[in-house]
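Peer 1: Just so you know, the sequences run in chain order L and F. Counting along the first sequence from 1, when you hit position 19 you're at 32 in this note's numbering, and nothing is skipped either side. Counting along the second sequence from 1, when you hit position 405 you're at 415 in this note's numbering, and nothing is skipped either side. Glycine included, C-beta positions come from ideal geometry on N, C-alpha and C.
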Amino acid sequence: MAIKKFAVACYDDEAVLFPAVKKVRNSGYKLHDVYTPFPVHGLDQALGHKETDLHIAGFIYGITGTSTALGFMSWIFTSDWPVNFGGKPHFSLPAFIPITFELTVLFAAVGMVLTFCYLNQIMPGVKKHVFHPRQTDDLFVMAIELNEHVSEQEVIDFLKSTGAVETNVQVAESEWWYGRWDKEEAYQTA
Amino acid sequence: MHLKYESFVREPLVNGDKTYHQVTEDIVRPIEQKPGRMWYAGFIFSVILLCFGVFSVFWEVYWGIGVWGINRTVGWGWDITNFVWWVGIGHAGTLISAILLLFRQGWRTGVNRAAEAMTIFAVMCAGQFPIFHMGRVWDAFYVLPYPNTRGPLWPNFNSALLWDVFAISTYFTVSLLFWYSGLIPDFATVRDRAKTKFRKMMYGIASFGWTGSAKNWQRHEALSLVLAGLSTPLVLSVHTIVSFDFATSVIPGWHTTIFPPYFVAGAIFSGFAMVQTLLILCRRIMRLEDYITIGHIEAMNKVIVLTGSIVGVAYLTELFIAWYSQVIYEQDAFNWRIVGPYWWSYWAMMTCNVVSPQLFWFKKLRRNIVFTFIMSIVVNIGMWFERFVIIVTSLYRDYLPGSWTYYSPTWPEIGFYLGTFGLFFTCFFLFAKYFPVIAIAEIKFVLKTSGENYKKKMEPIEEESTEEFIQKHVDAHH
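#1: Tell me whether Trp227(F) sits in a helix, a strand or coil according to DSSP, three-state version.
#2: For my contact list, Gln134(L) and Trp189(L) are in at a C-beta cut-off of 8 Å; report their separation, rounded to the angstrom.
#3: In the segment 164 to 185 of chain L, which residues sit with their C-beta less than 7 Å from some C-beta in chain F, listed in chain order?
#4: What are the start and end residues of the alpha helix (DSSP H) that includes Ala275(F)?
#5: Please return the same chain residues whose Cβ sits closer than 7 Å to the Cβ of His12(F), not counting the five positions on each side in sequence.
#6: So is Glu340(F) buried or exposed if we call it buried at 16+ other beta carbons inside 10 Å?
#7: Thinking C-alpha only, which one of Pro411(F), Phe398(F), Ser66(F) is nearest Asn92(F)?
#8: Classify Met48(F) as buried or exposed, calling it buried when 16 or more other Cβ atoms lie within 10 Å of its own Cβ.
#9: Starting from Ser66(F), find everything on chain L with Cβ-Cβ shorter than 8 Å and list it in chain order.
#10: Tell me, please, whether the segment 58 to 74 of chain F touches the segment 227 to 236 of chain F by the rule of three or more beta-carbon pairs shorter than 8 Å.
#11: May I ask which residues mark the beginning and end of the alpha helix (DSSP H) holding Leu428(F)?
#12: Return the chain-ordered ranges of every alpha helix (DSSP H) run that is complete within the segment 305 to 351 of chain F and spans a minimum of 4 residues.
#13: Helix, strand or coil, according to DSSP, for His265(F) in the structure here?
#14: If you run the structure through DSSP and keep just helix, strand and coil, what is Asp46(L)?
#15: Could you compute how far the alpha carbon of Gln138(F) sits from the alpha carbon of Arg146(F)?
#16: In chain order, what residues of the same chain lie with their CB nearer than 6 Å to the CB of Gly116(F), ignoring the 5 residues before and after it?
#17: What do you reckon, are the CB atoms on Val126(L) and Ser223(F) nearer than 8 Å?
#18: Could you tell me which of Ile448(F), Gly412(F), Met284(F), Tyr416(F) sits nearest to Gly98(F), measuring between CA atoms?
#19: Using a beta-carbon distance below 8 Å, is Phe19(L) in contact with chain F?
#20: Output needed for Thr77(L): all residues of its chain with C-beta closer than 6 Å, excluding positions within five of it in sequence on either side, in chain order.
#21: For the alpha helix (DSSP H) holding Met360(F), just list the boundary residues, first then last.
#22: Can you confirm whether the segment 39 to 57 of chain L touches the segment 95 to 112 of chain L when touching is taken to mean that 3 or more C-beta pairs between the two stretches lie within less than 8 Å?
#23: Which residue from Leu187(F), Asp196(F), Arg82(F), Leu433(F) puts its Cα closest to that of Leu405(F)?
#24: Going by other Cβ atoms of all chains shown within 10 Å of its Cβ, with 16 needed for buried, is Gln228(F) buried or exposed?
#25: Kindly confirm or deny that the segment 197 to 213 of chain F and the segment 86 to 102 of chain L touch, where touching means at least three C-beta pairs closer than 8 Å.
#26: Hey, quick one: how far does the beta strand (DSSP E) through Tyr24(L) stretch, first residue to last?
#27: Report yes or no: do three or more beta-carbon pairs, one from the segment 358 to 373 of chain F and one from the segment 387 to 394 of chain F, lie closer than 8 Å?
#28: Give me, in chain order, the residues of the same chain whose beta-carbon lies closer than 8 Å to that of Asp151(L); leave out the 5 immediate sequence neighbours on both sides.
#29: In or out: Lys235(L) buried (at least 16 other Cβ within 10 Å) or exposed?
#30: Taking the alpha helix (DSSP H) that Thr476(F) falls in, what are its first and last residues?
#31: Is it buried or exposed for Ser17(F), if we count other Cβ within 10 angstroms and need 16 for buried?
#32: If you draw a straight line from the alpha carbon of Thr65(L) to that of Ile73(L), how long is it in whole angstroms?
#33: Just verifying my parser: in three-state terms, what is the DSSP assignment at Trp190(L)?
#34: Looking at C-beta atoms only, is the number of pairs between the segment 126 to 141 of chain F and the segment 461 to 477 of chain F that lie closer than 8 Å three or more?
#35: Note down, in chain order, each residue of its chain lying with its Cβ closer than 8 Å to the Cβ of Lys373(F), except the 5 sequence neighbours on either side.
#36: Please report whether the beta-carbon of Asn97(L) lies at a distance below 8 Å from any beta-carbon of chain F.
Below, the structure is given as structure tokens:
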């Protein structure tokens, strides 16, 4: 939770955005984030983000589902309440496969989506500052964090030189807060 | 300059002179406008059907399962037929959203959202049938393995019917998650351009506070890919397990190993037909012809003719094996299917599923919207008859001639079926009004490679020789 000052630059083409990101990173300004209306491939590398580990989490959830299903069914049919189904073995592994598979998928999917929401800090009722209402429409928006070491005008001029179609300075909450989207606040007021 | 390249042989996925902003405008427009008269008429009609369905189900629950036409010989009638039919319809949505994603089929972007919605609503309809077929529906939760005070007494994990419980509920959950995770960014788009306070609030909640941050998109891409990877075997497993309901029994006509692939092919076949029915109407009413193009319709017709042919081969294989096996029970079962008292259902199935889809080998017919629309309904009628043939014509003459019977549905069974149509279309009409019917972000993602106007811009490059091209762009990456 921190209210910060940002210099904001909007680009109307991802082809202009990439060199701009490169220039900003070389310049040493503190790049807060880039917002795009759709996934732009290569932008994560350009920003220096490392590959997400979400799929590893998915694998772990999946394995948890597999062992839950197998362990649970085996325990029930061999020790908790063994039932004789037409003389077949109590531990009938082939018959356990369908449910084991389904639970693997279920655990992996549910776990991954929850992890995805947690990592991205998204949930119903969560509010975040939107730097430009068209950042989910057709603009590629870059926000640079301002502090006492840099001059506002200098950053804005620099951003204009990278091909931004629109630039401005905003004071806003940098993290999420609980809020309603029909209220105008740029940070938590309460 | 942009050097995303796609061959000119491929037709554009988005027609017209579109910019990113125009894509948003076109797809969000129906949400921001008052719905037309067609929408109200359709919606009210669906709700009436739904109410009739609720009444039919109430009648069955109040008086008991005896009000249906099923009896001791034909224990599964319209209820399980409709269950299998609806589940099958759902499969096309997952095929489009998951399998075609893994195969990198760009055309899925135009149709995946609506197809996935169809999946979810179809599975909701399907689930009703086995639940109310239980009779004492208030005990339906007994199928869940929860620690109870009766022992605890567990359900039989070796039973194909219990596998079904897990398969259908997992399928529903995973489809819903996959669909909704794709919707989050698009809801944010609707939210950020909302003019009214109420809309802004509602889509603010629905969008989970999505802002389109680069890191969030990176995770979103990873999530979509893994969910697609999970859904692909899942969708194949679901109809496989549904077919196990039959194949693991010892009823002539059911006890065959061909059932899983045969059911999966049939499911995709009927599902694509339903996607065609819905999207041909949607693109017309919501003026989305630029996004759901003739090319999309043709691509889906190709899937229909392929899966229809697979289904046809499966029917013939069944007949061959019945003869080749030299088992008189198998032979009689298939003989009676063809010439017995239910001959009309067998021949309706054969005509609608095997013969008529072959017309889609003609390119002219694949690209004809009226013909496609009629065929989509014919296919779904045929696939309903397939399930009816498999279920009823395997049961009505069992091992004991004294218990042979003829089964016809009663009005609560028919009403139940009509009611699920009501449920399906009520949901679909609400979806069409309040949800972005086409995945906005995904269309923007493919726009610069597959949009008509962007492809046109590539024409001069297309005409250059390779040497000229290299000369011009040799320094581009330095």
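Peer 2: With the given structure in hand:
#1: For the purposes of this step, residue 227(F) is taken as residue 217 along the second sequence, with counting starting at 1. Helix.
#2: In the first sequence, the residue the question calls residue 134(L) occupies position 121. In the first sequence, the residue the question calls residue 189(L) occupies position 176. Correct: roughly 5 Å between the Cβ atoms.
#3: Those would be none; no residue qualifies.
#4: In the second sequence, residue 275(F) corresponds to position 265, counting from 1. For Ala275(F), the uninterrupted alpha helix (DSSP H) run begins and ends at 269 to 295, by DSSP.
#5: Against the second sequence, residue 12(F) aligns to sequence position 2. Because the pLDDT at His12(F) is just 47, under 50, the model does not fix this residue reliably, and the value given afterwards should be weighed accordingly. Around His12(F): Lys458.
#6: Against the second sequence, residue 340(F) aligns to sequence position 330. Glu340(F) comes out buried.
#7: Counted from its first residue, the second sequence places residue 92(F) at position 82. Of the candidates Pro411(F), Phe398(F), Ser66(F), Phe398(F) places its Cα closest to the Cα of Asn92(F).
#8: Locating residue 48(F) in the second sequence gives position 38, counting from the first residue. Result: exposed.
#9: In the second sequence, residue 66(F) corresponds to position 56, counting from 1. The contacting residues do not exist; Ser66(F) stays about 31 Å from chain L at best.
#10: No: the two stretches stay apart, fewer than three of their Cβ pairs being nearer than 8 Å.
#11: Working through the second sequence from its first residue, we reach residue 428(F) at position 418. Note, Leu428(F): alpha helix (DSSP H), 421 to 444.
#12: If only uninterrupted alpha helix (DSSP H) runs of at least 4 residues are considered, those enclosed by the segment 305 to 351 of chain F are 338 to 349.
#13: Translated into the one-based positions of the second sequence, residue 265(F) becomes position 255. DSSP, read as helix, strand or coil, puts His265(F) in coil.
#14: Here residue 46(L) refers to the residue found at position 33 when the first sequence is read from its first residue. DSSP places Asp46(L) in strand when its eight states are reduced to three.
#15: Along the second sequence, one-based indexing puts residue 138(F) at 128. Along the second sequence, one-based indexing puts residue 146(F) at 136. Each residue's alpha carbon lies about 13 Å from the other.
#16: Locating residue 116(F) in the second sequence gives position 106, where the first residue counts as 1. So the qualifying residues of the chain are Leu23, Val456, Ser460.
#17: Within the first sequence, the letter at position 113 stands for residue 126(L). Within the second sequence, the letter at position 213 stands for residue 223(F). It is not a contact, given that the beta carbons lie outside the stated cut-off.
#18: Translated into positions along the second sequence, residue 98(F) becomes position 88. From the listed residues Ile448(F), Gly412(F), Met284(F), Tyr416(F), the smallest Cα separation to Gly98(F) is found for Met284(F).
#19: As a working note, residue 19(L) is residue 6 in the first sequence. It does not: the Cβ of Phe19(L) has no partner Cβ on chain F nearer than 8 Å.
#20: Walking along the first sequence from the start, residue 77(L) turns up at place 64. Here the set comprises Phe120.
#21: Along the second sequence, read from residue 1 onward, the residue named residue 360(F) stands at position 350. Boundaries for Met360(F): no alpha helix (DSSP H) harbours it, and the DSSP string shows neither H nor E there.
#22: No, the segment 95 to 112 of chain L does not touch the segment 39 to 57 of chain L.
#23: Here residue 405(F) refers to the residue found at position 395 when the second sequence is read from its first residue. The residue with the shortest Cα to Cα distance from Leu405(F) is Arg82(F).
#24: In the second sequence, counting from the first residue as 1, residue 228(F) sits at position 218. With 16 or more other Cβ atoms within 10 Å, it is buried.
#25: The segment 197 to 213 of chain F is not in contact with the segment 86 to 102 of chain L.
#26: Within the first sequence, numbered from 1, the residue matching residue 24(L) stands at position 11. Counting along the chain, the beta strand (DSSP E) containing Tyr24(L) begins and ends at 16 to 24.
#27: Yes: the two stretches touch, three or more of their Cβ pairs being nearer than 8 Å.
#28: Working through the first sequence from its first residue, we reach residue 151(L) at position 138. Closer than 8 Å at Cβ, skipping near neighbours: Asp25, Pro50.
#29: Residue 235(L) falls outside the range modelled here, since chain L spans only 14 to 203, and no answer is possible.
#30: Taking the second sequence and counting its residues from 1, the one referred to as residue 476(F) is at position 466. Unbroken alpha helix (DSSP H) run through Thr476(F): 476 to 483.
#31: If you number the second sequence from 1, residue 17(F) lands on position 7. Counting Cβ neighbours within 10 Å, Ser17(F) comes out exposed, since fewer than 16 surround it.
#32: In the first sequence, the residue the question calls residue 65(L) occupies position 52. In the first sequence, the residue the question calls residue 73(L) occupies position 60. Whole-angstrom Cα-Cα distance: 15 Å.
#33: Indexing the first sequence from 1 puts residue 190(L) at position 177. In this structure, Trp190(L) counts as strand in the three-state DSSP scheme.
#34: Not touching, per the Cβ criterion.
#35: Taking the second sequence and counting its residues from 1, the one referred to as residue 373(F) is at position 363. So the qualifying residues of the chain are Glu308.
#36: For the purposes of this step, residue 97(L) is identified with residue 84 of the first sequence, where counting begins at 1. Asn97(L) does not count as touching chain F.
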